[in-house]
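A.B. asks:
Protein chains: 2
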Amino acid sequence: MKNIRNILNSRFKRNGNFFIQLTEILGFKPKKIKVYSTAFTHRSMNIKDGKGNAVNYERLEFLGDAMLSSVIASHLYLEVPSGDEGYLTKMRSKIVSREHLNELGRDLNLIDLVESKIPSGQFGDNIHGNLFEALVGAIFLDRGYKYCEKFIFKRVIIPYVDIETLEGKVISYKSLLIEWCQKEKKTFRYNVYEDTGNDEVRHFSVKLSIDDKVIAKARATSKKKAEEKASKRAFFAFQKRMSKMI
Amino acid sequence: MKNIRNILNSRFKRNGNFFIQLTEILGFKPKKIKVYSTAFTHRSMNIKDGKGNAVNYERLEFLGDAMLSSVIASHLYLEVPSGDEGYLTKMRSKIVSREHLNELGRDLNLIDLVESKIPSGQFGDNIHGNLFEALVGAIFLDRGYKYCEKFIFKRVIIPYVDIETLEGKVISYKSLLIEWCQKEKKTFRYNVYEDTGNDEVRHFSVKLSIDDKVIAKARATSKKKAEEKASKRAFFAFQKRMSKMI
């Protein structure tokens with residue numbers, strides 16, 4: 001028990017690692033750091049508050065899920081005036097899909113901040129999305145709706161939400177990228193290498209360079225998948241310029 | 001077409017009936033009155049904006065539903081620290097149930113404000129809840145999250161959300177009320193009379209008096225139902241004092 005308290009206390013320090021990493025992820029300084037500590041506490045820690053209530057990120061997931069839904073709803077409402085209720089509902093569920101939330105959480109490396117008694121290799125994929133939701137819930141409690149909205153814009157809407165893509169108008173990001181490079185007279189190179197590491201299944205990594213500058217990296221179970229993933233990331237990096245092609 | 005424009009233009013007047021009734025429902029002065037006009041325009045009016053997009057309350061329902069979910073989620077999160085994710089989800093779905101939203105819309109008489117080509121008697125029950133959701137969506141667009149939250153507190157949470165009741169701990173409001181009156185040494189009377197009016201089914205109205213003062217009224221298809229409904233309303237009127245009994 002003393003051990004757990006030590007871990008938690010170290011989190012509250014304003015110059016500690018947790019605080020620094022968190023500030024980087026958030027893009028602003030957290031105020032109620034205790035709420036964020038809860039957002040990264042796994043149930044296996046078995047922590048209770050003074051009244052015997054469980055302290056872990058699961059309740060914050062509920063809150064974050066609601067905030068994500070609202071922010072995305074208002075964005076879609078304003079962004080797509082031609083979309084009816086059914087369209088808006090469908091688009092939102094694509095954006096907040098389990099798969100997408102997992103990707104968001106993984107990209108931010110949220111799992112690095114988790115306090116858990118379970119080795120991180122034993123978590124399923126969903127922990128990434130769950131932590132992302134919990135983090136959004138914590139932002140709401142710490143700073144209110146406006147900050148929550150800003151964070152979701154920065155981390156979800158700007159980098160990932162492209163209506164054309166969601167409507168399935170883009171079939172292959174690799175072909176889109178190649179076409180764009182040719183049009184803009186840019187050179188490109190996919191540098192693929194085997195990178196299985198400690199995984200049981202064979203994995204490949206790819207570095208995508210445009211004009212000899214590495215633009216995006218990705219890792220997947222096939223060369224093709226890794227290339228597509230890197231192309232998608234490059235697409236979002238160049239979103240405004242490239243989306244004129246669609 | 002001209003006729004429709006006239007109807008809509010008359011709504012924008014700051015001294016018109018629509019504006020006055022709306023201000024009373026909202027508890028504050030609406031700014032972007034056009035948004036509220038959309039919130040009370042039925043699809044049967046077949047109105048389009050300059051770009052050909054349908055103008056009616058259906059998209060606002062989507063937005064309002066999301067805002068309701070968020071505000072209720074954050075209220076439950078803070079109010080019930082012992083409730084886990086499953087509990088919070090279940091409680092929220094009770095509060096924003098179709099039946100409950102219909103009741104909220106009906107109590108505010110929102111249907112009186114609707115512009116529609118369908119006679120109001122031909123609408124199903126759900127129009128009340130749909131209008132309530134659309135109104136919440138309009139408040140969000142007009143004044144943002146904080147006002148939306150205030151409105152939901154005033155119209156949903158304070159009068160209707162009692163955790164004990166939602167958990168099913170109250171079985172009969174009538175017995176609760178009687179017990180409370182006896183304890184507090186107050187007299188009570190249920191004054192029931194037939195009040196079918198133009199309805200096809202027989203209806204009863206009831207006036208519930210406590211210490212000879214009418215506290216609540218209700219109308220339903222049986223005497224028992226009407227009494228229970230009136231008792232429930234009285235309960236919420238006296239919520240703080242009576243809930244100590246549970």
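Chain order of the listed sequences is A and B.
Numbered according to the UniProt record's numbering, the first sequence spans residues 1 to 246.
Numbered according to the UniProt record's numbering, the second sequence spans residues 1 to 246.
Glycine residues also receive a C-beta, built at the ideal position from the N, C-alpha and C atoms.
How long is the line joining the alpha carbons of A138 of chain A and S231 of chain B, rounded to whole angstroms?
C.D. replies: 40 Å
A.B. asks: As a quick exercise: from A:S37, A:S69, A:E79, A:G64, pick the residue whose alpha carbon is nearest that of E164 of chain A.
C.D. replies: A:E79
A.B. asks: Take the Cβ of Y145 of chain B as the centre, count every other Cβ of all protein chains shown within 10 Å, and call the residue buried at 16 or more, exposed below.
C.D. replies: buried
A.B. asks: Between which residues of its own chain and M67 of chain A is the CB-CB distance below 7 Å, once the five residues before and five after are set aside?
C.D. replies: V136, G137, F140, C148
A.B. asks: Opposite I184 of chain A in the DSSP bridges: which residues?
C.D. replies: According to the sequence shown, residue 184 of chain A is Glu rather than Ile. Paired residues: none, contrary to the question.
A.B. asks: Answer with buried or exposed for T38 of chain A, where buried requires no fewer than 16 other C-beta atoms within 10 angstroms of its C-beta.
C.D. replies: buried
A.B. asks: Could you have a look at M1 of chain B and say whether DSSP puts it in helix, strand or coil?
C.D. replies: Summary for M1 of chain B: the model assigns pLDDT 48, below 50, so the residue's position carries little reliability; its value from the coordinates is reported in the next sentence. Three-state DSSP puts M1 of chain B in coil, outside helix and strand.
A.B. asks: When DSSP labels each residue in this structure, what does L135 of chain A get in the three-state scheme?
C.D. replies: helix
A.B. asks: List, in chain order, every chain A residue whose beta-carbon is nearer than 9 Å to that of M67 of chain B.
C.D. replies: Within chain A, the residues S70, A73, S74 have their CB atoms less than 9 Å from the CB of M67 of chain B, given in chain order.
A.B. asks: With DSSP as the reference, label V206 of chain A as helix, strand or coil.
C.D. replies: strand
A.B. asks: What does N53 of chain B touch in chain A if you count any residue whose Cβ is under 8 Å from its own?
C.D. replies: Chain A residues near N53 of chain B: P81, S82.
A.B. asks: Please confirm whether any heavy atom of the ligand NAD lies closer than 7 Å to the CB of E115 of chain B.
C.D. replies: What this structure holds is no ligand at all, so the ligand NAD is not there to describe.
A.B. asks: Quick one: which unbroken alpha helix (DSSP H) runs of 4-plus residues sit fully inside the segment 9–59 of chain B? Chain order, please.
C.D. replies: 17–26, 33–39
A.B. asks: What are the partner residues of E194 of chain B, as DSSP defines its beta bridges?
C.D. replies: B:F204
A.B. asks: Which residues in chain A have a C-beta closer than 8 Å to the C-beta of F238 of chain B? List them in chain order.
C.D. replies: Correct list: empty, because the minimum Cβ distance to chain A is about 28 Å.
A.B. asks: Buried or exposed: which applies to Y57 of chain B, given that a residue is buried once 16 or more other Cβ atoms fall within 10 Å of its Cβ?
C.D. replies: buried
A.B. asks: Counting contacts by CB-CB distance shorter than 8 Å, is Y147 of chain A in contact with chain B?
C.D. replies: no
A.B. asks: Just confirm the distance between the C-beta atoms of E115 of chain B and H203 of chain B, as a whole number of angstroms; I'd bet it's less than 8 Å.
C.D. replies: So it is not a contact: roughly 28 Å between Cβ atoms.
A.B. asks: Tell me whether E115 of chain A sits in a helix, a strand or coil according to DSSP, three-state version.
C.D. replies: strand
A.B. asks: Put V214 of chain B into one of helix, strand or coil per three-state DSSP.
C.D. replies: strand
A.B. asks: Would a check of beta-carbon distances place L131 of chain A closer than 8 Å to chain B?
C.D. replies: no
A.B. asks: Is it the case that the Cβ atoms of F40 of chain A and L108 of chain A are separated by a distance below 8 Å?
C.D. replies: no
A.B. asks: Do the segment 185–204 of chain B and the segment 220–229 of chain B make contact, defined as three or more Cβ pairs closer than 8 Å?
C.D. replies: yes
A.B. asks: Would you list the residues sitting across from R189 of chain A in a DSSP beta bridge?
C.D. replies: Per DSSP, A:S209.
A.B. asks: Cβ of L177 of chain A less than 8 Å from any chain B Cβ?
C.D. replies: no
A.B. asks: Are the CB atoms of F62 of chain B and Y160 of chain A nearer to each other than 8 Å?
C.D. replies: no
A.B. asks: If you drop the 5 nearest sequence neighbours on each side, which residues of the same chain put their C-beta closer than 7 Å to that of E103 of chain A?
C.D. replies: none
A.B. asks: Under 8 Å: do the segment 83–102 of chain B and the segment 120–137 of chain B share three or more Cβ pairs, one atom per stretch?
C.D. replies: yes
A.B. asks: Mind checking whether S82 of chain A and N53 of chain B have CB atoms under 8 Å apart?
C.D. replies: yes
A.B. asks: Can you tell which of B:K13, B:D125, B:C181 has its C-alpha closest to the C-alpha of R241 of chain B?
C.D. replies: B:C181
A.B. asks: So which residues of chain A does L63 of chain B contact, with C-beta pairs closer than 7 Å?
C.D. replies: A73, S74, Y77
A.B. asks: For F28 of chain B, count neighbouring Cβ atoms within 10 angstroms of its own Cβ and tell me buried if that reaches 16, exposed if not.
C.D. replies: exposed
A.B. asks: Mind checking if T41 of chain A is an interface residue toward chain B, Cβ cutoff 8 Å exclusive?
C.D. replies: no
A.B. asks: Grab the span of the alpha helix (DSSP H) containing F151 of chain B for me, first residue to last.
C.D. replies: Counting along the chain, the alpha helix (DSSP H) containing F151 of chain B begins and ends at 145–152.
A.B. asks: Closest to K186 of chain A by C-alpha separation, out of A:R143, A:N198, A:I33, A:K213, would be which residue?
C.D. replies: A:K213
A.B. asks: Have a look at A:R189, A:R98, A:D84 and flag the residue whose alpha-carbon is nearest the alpha-carbon of K48 of chain B.
C.D. replies: Taking the Cα of K48 of chain B as reference, the smallest distance to any Cα among A:R189, A:R98, A:D84 is reached at A:D84.
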